[in-house]
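S.K.: Chains as they are written, first to last, in this note's numbering: chain S, 1 to 248; chain U, 1 to 342.
So that we are looking at the same thing, I have put the structure below in structure tokens.
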């Protein structure tokens, strides 16, 4: 997909990978709506993109809130036009330090699924119909290695990402042939606040920079037509150490 | 006809009346049967406007209660129809008139949204142009947080935003749901596509169906913005050239496509009135809701079928418990839809 002039939504857009994606997409000429909960940080990110000559808008909403879904879809389309690219980047780890499943409150698992799985389902449901009608669109799910391999203390998060990957595959199977493409991307381990929350003592030299990973994801989006629908790809820029070693 | 008073759970089970002007006949079905009346050569055109929460509550400078129902505009001013005290629970025609406003008056809507009256229409004092202080994200976010979907007294409870979106919603241009597309579940869209039928989008700013003022109601529909993508215009031309039918989903699609065909433009504002005197240039058939005789939506149907057939069909629908309004049953008016056997 050629990004010039296209409408894009990036959730979790205030910092880390989301902010880097917003900036990379705006550089390619996309019109970007960034969604996040914290107004101040989000507006700062939008201001930076605008200062660099890109188009970006702030939408202060929580993807885990059912009431927010049509507000996000409507406000974003009003500001950037029909949505051609939807990147589900927002996610929560649940309470940190990360807990064993036996120590996880059921409500915390529910909240993790609401933000990481049900929210993306709802937002895609609100937008993918218009994409399929117009015969084009790309939906990206930001996944994790924890959705494939089981790590102690990553239960709630890992379960949500495994389900997100399967949601991605099923969307791809159902809408194959309509022109709407679905892809799941494992960004690898990045130097972000989220990573620091999960693994405070990680050696940052082993972590990828969000801007490098964002550039790889943008390339995946630009070539989405040549990938099988619903595919999962890895976009990690650095070679990660074993995660088990880090959380031990 | 009784209104559907709430969204129903299984759109494919809703009723469908198929009217064939060529055979001067109609038959009753369910929406799930739609595929048998649409051929592989047909093009189905859908309005992809999302419905925004266009009803804002506020007060005038004098402290009087006011409700504004917004009409989207591509400029920075918004047209609005004003109402007085009360809300949708009271029938529109029984609502007290809005407090009188003049050019330059300040209005404050919920969420602290400030607006100024730019112009009061010659047609009616209820029809004004508003300019909001907020712009872009701040304005749209405030409308989405504090506005309510426009609804009428036949609906039994307050509607949520998701109740008034079709399965194709994109940009928020519609003040009322372009409801003809509402029962078209993707199950049926993908089935039609698999049989070879094609789909295309237009965006049309479906406005208000009632203003509460007889003079203004007589002038409905007001001028509305439309956009027909070049792809859609091309698909209309190739479909007709190949002997297929262009099937409009809803009256707003008829207005958009016929306006584009007349103006030879892909976007603009239209006050085109489609009725029995209108010779269709680009649309061949119509899938729409059940429209009450005498309304502007009903007048549009007469461009597709003769009045006696439409009244017989409507009477049959009433007698057989079809439901009306935005959550109601559907009608397909298409030449050649019914074979001699059906």
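The beta-carbon is built from N, C-alpha and C at its ideal position, and this holds for glycine as well.
Note down, one range per segment and in chain order, each alpha helix (DSSP H) of at least 4 residues found wholly within the segment 258-318 of chain U.
M.R.: Correct list: 296-301.
S.K.: May I ask which residues mark the beginning and end of the beta strand (DSSP E) holding residue 61 of chain S?
M.R.: Run containing residue 61 of chain S: none; DSSP gives neither H nor E here.
S.K.: Of all the CB atoms in chain U, is at least one closer than 8 Å to the CB of residue 129 of chain S?
M.R.: By this cut-off, residue 129 of chain S is an interface position.
S.K.: Just to confirm my understanding: we take residue 4 of chain S, look at its own chain, exclude 5 residues before and 5 after, and list those with CB closer than 8 Å. What are they?
M.R.: 28, 29 and 30, listed in sequence order.
S.K.: Check whether the segment 159-169 of chain S and the segment 129-145 of chain S touch, using three or more Cβ-Cβ pairs below 8 Å as the test.
M.R.: They touch, by the three-pair rule.
S.K.: Mind pulling the chain S residues with CB within less than 9 Å of residue 34 of chain U?
M.R.: By Cβ distance, chain S contributes nothing, its closest Cβ being about 16 Å from residue 34 of chain U, past 9 Å.
S.K.: Classify residue 101 of chain U as helix, strand or coil using the three-state DSSP reduction.
M.R.: Coil at residue 101 of chain U, not helix or strand.
S.K.: CB residue 207 of chain S to CB residue 234 of chain S, shorter than 8 Å?
M.R.: No, the pair does not count as a contact, with Cβ atoms beyond the cut-off.
S.K.: Flag residue 9 of chain S as yes if its beta-carbon sits less than 8 Å from any beta-carbon of chain U, otherwise no.
M.R.: No, residue 9 of chain S does not count as interfacial toward chain U.
S.K.: Strictly below 9 Å CB to CB, what residues from chain U border residue 181 of chain S?
M.R.: What residue 181 of chain S touches in chain U: nothing, since even the nearest Cβ is about 16 Å away.
S.K.: Look at the Cβ atom of residue 244 of chain U, then the Cβ atom of residue 42 of chain U, and state whether they are nearer than 8 Å.
M.R.: Yes, Cβ-Cβ distance for residue 244 of chain U and residue 42 of chain U is below 8 Å.
S.K.: Quick check: residue 90 of chain S and residue 215 of chain S, are their CB atoms within less than 8 Å of each other?
M.R.: Not in contact: residue 90 of chain S and residue 215 of chain S (Cβ atoms no closer than 8 Å).
S.K.: Taking DSSP as the reference, what is the three-state secondary structure of residue 19 of chain U?
M.R.: Here residue 19 of chain U sits in strand by DSSP.
S.K.: Quick one: list the residues of chain U neighbouring residue 87 of chain S, beta-carbon separation under 8 Å, in chain order.
M.R.: Within 8 Å Cβ-Cβ: nothing; residue 87 of chain S doesn't reach chain U, min ~18 Å.
S.K.: Rounding to the nearest angstrom, what Cα-Cα distance links residue 224 of chain S and residue 174 of chain S in this structure?
M.R.: Whole-angstrom Cα-Cα distance: 17 Å.
S.K.: Distance cutoff 8 Å, beta carbons only. Does residue 11 of chain U sit that close to anything in chain S?
M.R.: Closer than 8 Å: no.
S.K.: Tell me which residue opens and which closes the beta strand (DSSP E) that residue 231 of chain U is part of.
M.R.: Careful: residue 231 of chain U lies outside any beta strand (DSSP E), inside the alpha helix (DSSP H) at 230-241.
S.K.: Would you tell me roughly how many angstroms separate the C-alpha atoms of residue 36 of chain S and residue 146 of chain S, rounded to the nearest one?
M.R.: The alpha-carbon atoms of residue 36 of chain S and residue 146 of chain S are separated by roughly 23 Å.
S.K.: So, helix, strand or coil for residue 133 of chain U, using DSSP?
M.R.: Coil at residue 133 of chain U, not helix or strand.
S.K.: Report yes or no: is there a C-beta of chain S within less than 8 Å of the C-beta of residue 69 of chain U?
M.R.: So no, residue 69 of chain U is outside the interface.
S.K.: Could you name the residues of chain S that residue 314 of chain U contacts, counting a contact when the two beta carbons are closer than 8 Å?
M.R.: The premise fails here: residue 314 of chain U is roughly 30 Å from chain S at the closest Cβ pair, so nothing lies under 8 Å.
S.K.: Who are the Cβ neighbours of residue 118 of chain U in its own chain at under 6 Å, not counting the five residues just before and after it?
M.R.: Correct list, in chain order: 77, 129 and 131.
S.K.: Give me, in chain order, the residues of the same chain whose beta-carbon lies closer than 8 Å to that of residue 216 of chain U; leave out the 5 immediate sequence neighbours on both sides.
M.R.: Result list for residue 216 of chain U: 81, 123, 124, 126 and 127, in chain order.
S.K.: In whole angstroms, give me the CA-to-CA distance for residue 114 of chain U and residue 40 of chain S.
M.R.: Cα-Cα distance, rounded: 23 Å.
S.K.: Step through the CB atoms of chain U and report whether any lies within less than 8 Å of the CB of residue 119 of chain S.
M.R.: No, because no Cβ of chain U sits closer than 8 Å to the Cβ of residue 119 of chain S.
S.K.: Where are the beta strand (DSSP E) runs, 3 residues long or more, that stay fully inside the segment 199-229 of chain U, in chain order?
M.R.: Qualifying beta strand (DSSP E) stretches, in chain order: 224-227.
S.K.: Going along chain S in order, which residues have a C-beta closer than 7 Å to the C-beta of residue 171 of chain U?
M.R.: Ordered by position in chain S, the residues that pass the 7 Å Cβ test against residue 171 of chain U are 77, 78, 81 and 82.
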